[in-house]
Structure formats: C-alpha cells, structure tokens
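In the working numbering, the protein residues as written are 6 to 158.
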C-alpha cells in the first residue's frame, strides 16, 4: 500500500507520490464495477479528501501503464498502489499519462466517480515471494485460498 509522509505543519496537503516498487505488496482486489482503466487516488479515512495521488509520469509500472492485471473470477492484481481508501477518477491511465502536470486537488476531487469501489481487498505479502504472481494468485482464487491471506476489506 502507498503511504504518504506528512510534514509537521498544521495544515496537511495531499501530495503526489512517486511509486517505490522495491517492497511493493501484492494486493488483490475486486471492485463493484469495472474501473480497470481508471486512475486511482487514496482518500482520507473519512473519505472526504484526497491524500495521495499520482503524478502523470507515475502511472507506469515496469515501463507500461500500471493497469491492474486481471486474475480469475473478476479479481485484479494491483500494479499502481491502491489501499482500503481508494477512489477512482473518471480519467483513464492513458489520458492522465499525457497531462503535463497533475490537476489541482479541486479538479481531482471533482473527477472522483466512486469513493467506495472495493468489494474485497487482500494483502498477499511481498511481491518478491511470487515467481509467477498471476498464475499463483489465480490458482489461489480458484481453490478458495485467497482467505488465507490478510483481508483488508
């Protein structure tokens, strides 16, 4: 999951967060609707404001747009860095990646289409422990073994 570091100032501000893929957790999730091509942001615990959003140059993973990888039974493997407080914007990864800078917070807030899109979210540990994450996780899903991982939602 992505974590933002806030300074000691009295007023907190959302910040773009560059991905740090060295210790990327393996997050598997299912959404209420198909948001596969839409950019995620992270909201505050009360879901009132955006606390983390990507820079347009940060919507890539391994040289490609960081779209989630489809798994079995409608589950997805995260490649961007979502969390329990994820929301999706009504802008695609493709369109967002072509912006010269991130929209303002007010503009981002207006682009939110779902503040509670997740049906399920599992933390399956470090991605490094999987040799073939797509096939291994799909197998776990089909066998009903996703419950063996830490359920976040």
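A virtual CB, placed ideally from N, CA and C, is assigned to each residue, including glycine.
Could you give the DSSP three-state label for residue i: helix, strand or coil?
i: residue 134; result: helix
i: residue 104; result: coil
i: residue 153; result: helix
i: residue 42; result: coil
Report the CB separation of residue i from residue j in whole angstroms; it is logged as a contact under 8 Å.
i: residue 75; j: residue 84; result: About 11 Å separates the two Cβ atoms, so there is no contact after all.
i: residue 52; j: residue 120; result: 5 Å
Between the beta-carbon of residue i and the beta-carbon of residue j, is there less than 8 Å?
i: residue 117; j: residue 34; result: no
i: residue 44; j: residue 64; result: yes
i: residue 70; j: residue 40; result: no
Just reading off the beta strand (DSSP E) that residue i is part of, what are its end residues?
i: residue 92; result: 91 to 97
i: residue 110; result: No beta strand (DSSP E) holds residue 110; the alpha helix (DSSP H) holding it covers 110 to 116.
Please work out which residues of its chain come closer than 8 Å, Cβ to Cβ, to residue i, disregarding the five sequence neighbours upstream and downstream, and give them in chain order.
i: residue 13; result: Bear in mind that a pLDDT of 30 at residue 13, under 50, signals an unreliable position, so the number given afterwards is only what the model happens to contain. So no residue of the chain qualifies.
Closer than 6 Å by C-beta to residue i: which residues in its own chain qualify, once you throw out the five before and the five after it? Chain order, please.
i: residue 150; result: none
i: residue 26; result: Model confidence at residue 26 stands at a pLDDT of 46, short of 50, so the residue's coordinates are unreliable; what they give is reported in the following sentence. The answer is none, since no qualifying residue turns up.
Going along the chain, which residues of its own chain have a beta-carbon closer than 7 Å to the beta-carbon of residue i, five neighbours each way excluded?
i: residue 153; result: none
i: residue 124; result: 35, 36 and 37
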